[in-house]
Amino acid sequence: MNHRFTAYFLLLIVSIIWGVAGPVIKFTLSSFPPVIFLTYRFALASALGAALWAVRPPKLRLNTSTIPHIVLHSVLAVPLGLGLLFFGFDKTSSLTGTVISATGPIMVAIAGMILLGEHITKPERMGIALALLGTLIVTVGPIVGGNGHAFISLEGNLLILASLLSDAIATVIAKVSLRERVPAIALTNISFIIGFLCFLPFLFTSYSLSEVITTIANAPLSAHLGVLYMAFLSGTLAYTLQKLAMKTIEVGEVAIFNYLFPIWAAPLALFWLGEKITLPFVVGAAVIATGVVIAEHKRRQKQKRIVPMPPHLRRHRR
Numbered sequence: 001m002n003h004r005f006t007a008y009f010l011l012l013i014v015s016i017i018w019g020v021a022g023p024v025i026k027f028t029l030s031s032f033p034p035v036i037f038l039t040y041r042f043a044l045a046s047a048l049g050a051a052l053w054a055v056r057p058p059k060l061r062l063n064t065s066t067i068p069h070i071v072l073h074s075v076l077a078v079p080l081g082l083g084l085l086f087f088g089f090d091k092t093s094s095l096t097g098t099v100i101s102a103t104g105p106i107m108v109a110i111a112g113m114i115l116l117g118e119h120i121t122k123p124e125r126m127g128i129a130l131a132l133l134g135t136l137i138v139t140v141g142p143i144v145g146g147n148g149h150a151f152i153s154l155e156g157n158l159l160i161l162a163s164l165l166s167d168a169i170a171t172v173i174a175k176v177s178l179r180e181r182v183p184a185i186a187l188t189n190i191s192f193i194i195g196f197l198c199f200l201p202f203l204f205t206s207y208s209l210s211e212v213i214t215t216i217a218n219a220p221l222s223a224h225l226g227v228l229y230m231a232f233l234s235g236t237l238a239y240t241l242q243k244l245a246m247k248t249i250e251v252g253e254v255a256i257f258n259y260l261f262p263i264w265a266a267p268l269a270l271f272w273l274g275e276k277i278t279l280p281f282v283v284g285a286a287v288i289a290t291g292v293v294i295a296e297h298k299r300r301q302k303q304k305r306i307v308p309m310p311p312h313l314r315r316h317r318r
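Taking UniProt numbering, the leading residue of the sequence shown gets 1, the next gets one more, and so forth.
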């Protein structure tokens, strides 16, 4: 099977898992406060990672180059990125949060330009600017739409934006780690273990042990299923599949699948959670879509203009 097709298939699965994750997070947060939810999730994912590691230890070569990249990626992607995301979803609707999250590729493009010096053409910049404008409209939409909890929703939207910035930097660093031959499953498991260790102090400064146990014990089965989904499917499985795909295609191509999130999230948000669509949301989503189409169209045109180097010249460069 073609490597690129395999990567696209894996990323389609990831997009479905993470698209559904928004409504699942919102539903489960009705039973678990964010700190307990996150620590519970990280604990389960860490336990699975440790078990997999014990059964089949990965070929992981640590050195002065790989260790900083692994640690930095882990901190940015899990405790910071996911922490901000969950606190954001706690304060806004799952549909709004998912649409904002879908602009992740724009953040990745900006991070690639700043951190890796990647070139962004003028048309691409126009598309990115439009997408950011649409994100701004969706973000401040609760205030414009007269939402009764406008400022709480605005705070949640801003937290999700901050999580995207953190995750964009983590995505670029992950690509570097994978080039250093760090196994995808090892990078995922280490990230969740670091996330769990980082959140433990926050957990016990916010709640007593008895409060944590009581909250978990009294939660309905549906809430525990939500945590299991986030820990194993949206956590270990999705992150590992994403990193496997990232080995064979560009970071920008990986991020494109984020645009599918709202397609999977919208039916659940509307019919399961009973969320409403507002005018600012529709306008912002339309502007985002326009910007994305412009940016991605120009990016693909630029890729097509890159002529592959003849084999005899490639041999001379080795």
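Positions of the beta carbon are idealized from the N, C-alpha and C atoms, including for glycine.
Practice item. Look at the alpha carbon of Phe9 and the alpha carbon of Pro68, and state the distance between them as a whole number of angstroms. Key: Answer to the nearest angstrom: the Cα atoms are 31 Å apart.
Exercise for review: Identify every run of the alpha helix (DSSP H) within the UniProt domain "EamA" (156–294), keeping only runs that are complete inside it and at least 4 residues long; order them along the chain.
Suggested key: You should have 184–206, 209–218, 221–228, 238–246, 251–256 and 261–267.
Exercise for review: Report the option in Ile100, Trp264 and Tyr207 whose CA atom is closest to the CA atom of Leu158.
Suggested key: The option with the nearest alpha carbon to Leu158 is Ile100.
Practice item. Compare the C-alpha of Val35 against each of Phe199, Trp18, Tyr239 and Phe257 and name the closest. Key: Nearest C-alpha to Val35: Phe199.
Point to revise | CB contact flag (Ile11, Phe232, <7 Å) | key: Per the sequence shown, the amino acid found at residue 11 is Leu instead of Ile. Not a contact, by the Cβ cut-off of 7 Å.
Review point. Around the Cβ of Glu124, are there at least 16 other Cβ atoms within 10 angstroms (buried) or fewer (exposed)?
Key: Taking all protein chains in view, the Cβ of Glu124 is crowded by 16 or more other Cβ atoms within 10 Å, so the residue is classified as buried.
**Study point:** Contact check, Gly284 vs Ile137, beta carbons under 7 Å
**Key:** In this structure, Ile137 lies closer than 7 Å to Gly284 by Cβ.
Check your understanding: Phe32 by DSSP, collapsed to three states: which one?
Key -> Coil, per DSSP.
Point to revise | Cβ shell of Ala162 (< 7 Å), same chain only, five flanking positions each side left out | key: Setting aside the 5 residues that flank it on each side, Ala162 is surrounded in the same chain by Leu84, each with a C-beta closer than 7 Å to its C-beta; the list follows chain order.
Review point. Just the Cα atoms here: how many angstroms apart are Val24 and Arg181?
Key: Taking the straight line from one Cα to the other gives about 33 Å.
Review point. Closest to His73 by CA distance: which of Pro280, Gly226 and Ile169 is it?
Key: Taking only the C-alpha atoms, the option nearest His73 is Ile169.
Practice item. Any chance you could list the alpha helix (DSSP H) runs of at least 4 consecutive residues sitting entirely within the stretch 24–91, in chain order? Key: 34–55, 66–75 and 83–89, all fully within the stretch 24–91.
**Study point:** Collapsed DSSP secondary structure at His119 in the structure displayed
**Key:** For His119, the secondary structure class from DSSP, reduced to helix, strand or coil, is coil.
Point to revise | Cβ-based neighbour list, Ala111, same chain, cut-off 6 Å, excluding 5 preceding and 5 following | key: So the qualifying residues of the chain are Ala168, Ile169 and Val172.
Check your understanding: Between which two residues does the alpha helix (DSSP H) harbouring Ser93 extend?
Key -> Unbroken run through Ser93: none, as it is neither H nor E.
Check your understanding: In whole angstroms, what separates the C-alpha of Phe37 from that of Arg56?
Key -> Using only the alpha carbons, I get a separation of about 28 Å.
Check your understanding: What three-state label does DSSP hand Ala7 in the structure shown?
Key -> When DSSP states are grouped into helix, strand and coil, Ala7 belongs to the helix group.
**Study point:** Straight-line gap, Tyr229 to Ser31 (C-alpha atoms, nearest Å)
**Key:** In a straight line, the C-alpha of Tyr229 is about 15 Å away from that of Ser31.
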